[in-house]
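Presented below is the structure to which this report refers.
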Amino acid sequence: MEYSSSELMTVNAARLLRDGDTVFVGVGLPNLACNLARHTHAPNLLMIYEAGVIGARPERLPLSIGDPTLVSGATAVCSMYDIFTLYLQRGNVDVGFLGGAQIDQFGNINATVIGDYQHPKVRLPGSGGSMEMAAWANRCYIITPHQTRRFPKKVDFRTSAGFLASRAERVSKGVRGGGPQAVVTDLGLMEPDENGELILTSLHPGISVDQARKNTGWELKVSPRCNVTEPPTASELQILRDELDPTGIYIKDGK
Amino acid sequence: MEYSSSELMTVNAARLLRDGDTVFVGVGLPNLACNLARHTHAPNLLMIYEAGVIGARPERLPLSIGDPTLVSGATAVCSMYDIFTLYLQRGNVDVGFLGGAQIDQFGNINATVIGDYQHPKVRLPGSGGSMEMAAWANRCYIITPHQTRRFPKKVDFRTSAGFLASRAERVSKGVRGGGPQAVVTDLGLMEPDENGELILTSLHPGISVDQARKNTGWELKVSPRCNVTEPPTASELQILRDELDPTGIYIKDGK
Amino acid sequence: MTKLTTLSKAIEVHVHDGDTIYAAGFTHLIPYAAGHEIIRQKRKDLILARATPDLIYDQMVAAGCAQKLIFSYIGNPGVGSLRIIRSEIESGHIEIEEYSHFSMISRLQAGASGLPFIPMNQTAAEDLEHANPQYKRIKDPYTGQEVVVVPALNPDVAIVHVQRADQNGNSQIWGILGEQKEAAFAADRVIITAEEIVDEDIIRSDPNRTLIPGFIVDAVCQVPYAAHPSYTQGYYDRDNAFYLEWDKISETKEGINNYLDEWVYGLPDRQAYWQKLGTEMHKRLKVKDRFSAPVNYGAY
Amino acid sequence: MTKLTTLSKAIEVHVHDGDTIYAAGFTHLIPYAAGHEIIRQKRKDLILARATPDLIYDQMVAAGCAQKLIFSYIGNPGVGSLRIIRSEIESGHIEIEEYSHFSMISRLQAGASGLPFIPMNQTAAEDLEHANPQYKRIKDPYTGQEVVVVPALNPDVAIVHVQRADQNGNSQIWGILGEQKEAAFAADRVIITAEEIVDEDIIRSDPNRTLIPGFIVDAVCQVPYAAHPSYTQGYYDRDNAFYLEWDKISETKEGINNYLDEWVYGLPDRQAYWQKLGTEMHKRLKVKDRFSAPVNYGAY
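In order, the protein sequence lines correspond to chains A, B, C and D. Numbered by my numbering, the letters in the first sequence go through residues 1 to 255 in order. Numbered by my numbering, the letters in the second sequence go through residues 1 to 255 in order. Numbered by my numbering, the letters in the third sequence go through residues 1 to 300 in order. Numbered by my numbering, the letters in the fourth sequence go through residues 1 to 300 in order.
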């Protein structure tokens with residue numbers, strides 16, 4: 001079955017989720033990945049939105065992080081201060097999804113600025129909730145297309161922490177979360193090695209190691225156990241296309 | 001018209017309240033004083049209860065600080081953390097009513113322990129919300145019968161702060177509230193002088209300076225402007241007896 | 001995933017000797033039924049934390065469940081003292097750790113927030129600060145002024161009584177809120193007793209009312225009238241007479257033992273307790289309806 | 001004491017040049033009508049604080065109202081960047097003070113609580129901490145570990161849109177809560193716009209729903225549809241199309257000026273704005289009812 005790169009990334013992200021996980025989720029592909037997981041192997045996944053919504057049951061595809069469809073029929077709604085303290089800082093979040101303009105060799109993310117902070121070449125939106133999510137969620141996942149400009153060796157600005165310059169450095173900071181566990185791209189998956197460096201651990205069907213290397217801004221190491229991901233199944237694609245995003249707002253092939 | 005000492009104290013406390021005041025109030029005489037003020041000169045008095053109730057409209061006399069009659073028909077109910085932060089610490093409370101086993105020469109109050117803290121002769125209930133109320137309400141009032149044991153020169157334990165050892169000492173601590181403004185007893189009123197020492201500023205009708213002095217544990221100074229309080233009016237007593245406490249739970253003569 | 005169980009099972013599984021317990025509720029929704037079950041199951045060496053110990057901790061102390069009290073006001077509200085706790089303290093038989101209401105609640109707020117401590121402005125009343133070494137001071141780095149801090153309180157178990165919950169533990173409370181939400185998030189384990197177990201759809205019809213999400217709850221038990229002699233807003237009134245009565249009962253060891261034998265050890269559960277209270281009492285505590293105006297969440 | 005007034009009067013009296021403004025609401029209940037009125041009244045040198053500036057601050061910056069932005073996320077939610085704010089920052093024409101969401105909200109929480117600062121756990125992402133000297137560190141006195149702190153934010157004015165308020169300003173909100181309560185308590189002055197002004201009895205039928213008590217409110221204005229193109233839960237939907245449209249409009253100075261002329265300067269108030277949107281749009285944003293299950297407070 002044919003599939004787009006958005007579908008490929010969404011399906012692979014969904015498979016990383018475990019039944020019973022509490023996920024701090026934004027709109028777009030992470031939202032689709034969570035809902036796909038709920039429809040397949042993780043029926044007890046609990047979705048928490050940054051806007052303060054717990055256990056949402058949207059009757060339409062949410063188009064903003066504060067879409068009213070997330071609220072109607074949810075189990076709980078709380079203030080922003082509560083969501084960041086009682087849920088995130090307290091350690092009640094298993095999984096966070098992150099994104100950004102740049103992700104570096106150690107999973108640090110830049111969503112703030114290209115160039116110098118005081119004299120930016122490109123000003124990006126900034127942290128939002130990502131600084132704390134990256135620090136305090138037990139596990140973080142990143143979904144992003146695989147392009148050299150998105151994967152520099154070092155980010156211009158650390159908006160949120162991956163492993164800093166090494167796993168040991170993150171541990172020394174005493175933050176509670178485990179840091180980035182995987183980066184899902186349209187070429188494959190990168191995961192941190194024992195030192196916290198992102199290495200290639202899976203390739204999607206038909207993708208070569210060379211393609212991944214060429215699209216990464218550092219000398220990408222390849223795991224000795226690097227394997228090929230299972231292609232999206234017909235059932236996964238059917239759920240995505242027919243139930244979750246029937247008008248193809250997020251999963252149509254684009255970026 | 002005859003009146004009990006509870007009625008006398010309640011009426012005099014009510015007169016200290018100003019229209020528009022936001023009052024942090026407990027049950028008993030302070031509750032009656034506030035409601036009397038609302039029925040007379042201060043219709044816009046706003047009553048806030050420690051339990052988190054704002055703008056209560058009790059349909060019966062509340063018998064505990066968390067009486068459900070305070071909630072039904074109130075304008076707002078919030079958590080304890082909110083009541084102490086957003087209301088009290090933030091400076092949204094004009095008036096607090098305080099009580100305790102001992103009140104000293106500078107308006108410091110003991111509600112914790114008689115004797116040594118580690119080996120108490122009498123263990124009292126402790127601070128509750130009074131430590132913060134005494135510190136952060138703009139004005140505090142104390143209602144208590146006038147007896148030597150209640151007015152020692154120095155309290156055994158400072159549960160809540162009056163002027164410490166002088167008005168200057170309280171100011172040096174940087175707490176936002178103005179401290180105790182008056183102590184209403186069954187003999188008269190004491191108010192702090194320029195040094196923060198409680199001095200006799202009013203006597204109730206028929207009470208002598210000597211009576212007040214004999215029932216105070218320090219050498220009670222008398223204000224040069226010491227006057228005699230207006231006796232409770234028929235209208236004040238009628239409101240208290242017929243409307244506010246018809247079964248005489250708090251205003252019957254007792255203590 | 002249903003978390004429905006009986007209260008006796010919930011206490012058996014989740015409350016252990018030596019645990020720090022926070023039975024939440026400020027005058028409202030005090031979880032008496034759970035307290036009685038703990039007495040019945042003869043837990044001991046508990047550290048009992050509560051802003052206002054109320055009669056329930058007086059009874060638990062009398063029954064020998066506690067080694068220590070963490071509190072901010074030990075009175076029989078509207079009546080006088082808690083005789084048993086008071087005499088245990090005066091005789092040095094129980095350890096105490098004392099706060100003001102605000103510092104007690106701040107400890108829970110820090111615990112619920114995953115913070116190590118929380119600051120409070122100074123009150124100028126420093127005797128308690130000196131008596132309790134848990135109070136510390138730090139400098140406000142912006143002004144150089146000192147603020148007072150207390151450390152997070154993270155009880156082993158929070159017990160919270162609520163008006164309604166679904167079988168997953170999603171719990172809604174109205175009326176006086178006290179510190180229920182904070183206690184639940186601060187604790188490692190959470191036991192909910194509920195007046196009613198309702199369909200999930202009732203909860204989902206008003207998500208802003210949900211104070212405690214089910215996923216942090218370990219056990220949810222349907223226990224109507226669990227708060228007596230305290231009350232549940234909209235369900236039954238406070239039994240003010242019993243608060244006066246306890247003052248008499250607790251005057252003598254015999255009175256206390258008789259009470260515990262008759263009303264705790266001698267009964268299997270809260271249902272039996274409520275029946276024993278009798279129809280006269282049921283009538284006295286009954287409350288007439290007064291409903292909230294509904295709000296429209298919209299169907300999106 | 002009624003605090004009812006018109007929005008234009010409220011802005012005239014309570015918003016001054018140079019003020020720090022916090023227009024509250026996280027994606028929900030964004031007070032667009034008040035923002036437009038501020039533009040109409042040509043306020044300038046404002047310090048605009050908001051976790052998510054959204055289109056309304058983009059428009060206010062475009063109109064020349066602002067000297068500085070305090071924020072934690074400057075995007076057009078679900079679309080991309082806020083072009084005007086972005087270009088003003090890139091060209092160095094506007095001052096900024098930047099936070100993460102949590103530190104921004106913590107600043108309000110401290111301000112609302114009367115605290116000088118509030119602590120947060122470390123995040124290990126230290127670049128923003130270095131870029132913004134308002135971030136400081138202190139030692140947790142219990143463990144010796146460092147925590148990050150931010151100072152209280154106390155805006156001159158908070159503007160909060162709510163579903164319903166009474167004439168005294170007692171305000172109820174449901175749906176996404178964001179930071180409305182904290183902004184109101186943190187600010188010196190509070191302006192409420194409400195979809196509906198309701199009888200006090202409606203508010204009093206559900207006191208737990210009241211997030212902002214009237215006595216801290218300075219002005220309350222009945223302004224239906226004040227949140228468009230944002231939304232009001234239960235009243236109308238979010239106009240997602242306009243969020244896309246603004247991305248086009250704001251591509252050119254001409255587009256922006258035309259928009260402001262047509263939709264802000266050219267209209268007297270929100271009622272005219274809503275009428276101008278037209279019946280097709282009204283129909284598109286309409287929402288079907290979905291009511292909360294009522295709760296019983298009891299008549300005591």
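Idealized CB from N, CA, C, for every residue including glycine. The structure presented is a predicted model; accordingly, all values stated were derived computationally and were not measured.
- Following the DSSP letters along the chain, one finds Asn257 of chain C inside the alpha helix (DSSP H) bounded by residues 253-260.
- If the five residues before and after Asn121 of chain C are omitted, its C-beta is found closer than 7 Å to the C-beta atoms of Val147, all from its own chain and listed in chain order.
- Interface residue (Cβ-Cβ distance to chain D less than 8 Å): Lys154 of chain A is not classified as such.
- The Cβ atoms of Gly234 of chain D and Asn296 of chain C sit closer than 8 Å to each other.
- DSSP places Pro30 of chain B inside the alpha helix (DSSP H), whose first and last residues are 29-39.
- Contact between Glu7 of chain B and Pro232 of chain B holds: their C-beta atoms lie close to 6 Å from each other, under 8 Å.
- A distance below 8 Å between beta-carbons, with the five flanking residues on each side excluded, links Ala112 of chain D to the following residues of its chain, in chain order: Lys181, Glu182, Ala183, Ala184, Phe185, Ala186.
- Here DSSP, grouped into helix, strand and coil, assigns Ile105 of chain D to helix.
- Taking a C-beta cut-off of 9 Å against chain D, the contacting residues of the segment 261-289 of chain C are Val287, Lys288, Asp289, listed in chain order.
- Note that the segment 101-117 of chain A touches the segment 147-158 of chain A; at least 3 beta-carbon pairs, one per stretch, sit closer than 8 Å.
- Less than 8 Å separates the beta-carbon of Val27 of chain A from that of Gly78 of chain D.
- Boundaries of the alpha helix (DSSP H) around Ala212 of chain B: 209-214.
- Bridge partners of Lys9 of chain C according to DSSP: none are assigned.
- A direct Cα-to-Cα measurement between Leu82 of chain C and Thr123 of chain D gives close to 46 Å.
- Residues of chain D with a Cβ closer than 7 Å to the Cβ of Gly73 of chain B are, in chain order, Arg204.
- Within its own chain, the residues whose Cβ lies closer than 8 Å to the Cβ of Val93 of chain A, once the five positions on either side in sequence are excluded, are Thr22, Val23, Phe24, Ile48, Tyr87, Met133, Trp136, Ala137, Asn138, listed in chain order.
- Straight across, the Cα-Cα distance linking Gly255 of chain C with Ala24 of chain C is about 27 Å.
- In this structure the segment 83-102 of chain D does not lie against the segment 262-272 of chain D, because fewer than three pairs of beta carbons, one per stretch, are closer than 8 Å.
- Per DSSP, the continuous beta strand (DSSP E) segment holding Arg123 of chain A begins and ends at 120-123.
- According to the DSSP assignment, Ile56 of chain C belongs to the alpha helix (DSSP H) that extends over 54-62.
- Scanning the segment 136-205 of chain B from its first residue to its last, the whole alpha helix (DSSP H) runs of 4-plus residues come out as 167-173.
- Proximity of Lys136 of chain D to chain C, defined by a Cβ-Cβ separation below 8 Å, is satisfied.
- If you ignore the 5 residues before and after Arg290 of chain D, its C-beta comes within less than 8 Å of the C-beta of Gly234, all in its own chain and listed in chain order.
- Met1 of chain D has a beta carbon lying within less than 8 Å of a beta carbon in chain B.
- Spanning the alpha carbons of Val95 of chain A and Cys140 of chain A requires a straight line of approximately 6 Å.
- Asn227 of chain A sits in a strand when the DSSP states are folded into three classes.
- If only complete runs of 4 or more residues are kept, the segment 218-282 of chain D shows the alpha helix (DSSP H) at 240-249, 253-260, in order along the chain.
- For Phe26 of chain C, the C-beta contacts it makes with chain B under 7 Å involve Ala51, Gly66, Met80, in order along the chain.
- Against chain D, a Cβ distance below 8 Å from Arg60 of chain B picks out Tyr300.
- Under DSSP, the beta-bridge partners assigned to Ser171 of chain D are D:Ala165, D:Ile212.
- Apart from the 5 residues on each side of it in sequence, Ala110 of chain C sits with its Cβ closer than 6 Å to the Cβ of Phe117, Ile118, Ala152 in its chain, given in chain order.
- By the Cβ-count criterion, Val122 of chain A is exposed, with fewer than 16 other Cβ atoms from all chains shown falling within 10 Å of its own Cβ.
- Only Ser160, Ala161, Leu164, Arg170, Lys173, Gly174, Val175 from the segment 160-175 of chain A bring a Cβ to less than 7 Å from some Cβ of chain D.
- Using beta-carbon distances, Arg57 of chain A does not count as an interface residue toward chain D, since no partner is under 8 Å.
- For Lys248 of chain C, the nearest beta carbon of chain B is not closer than 8 Å to its own beta carbon.
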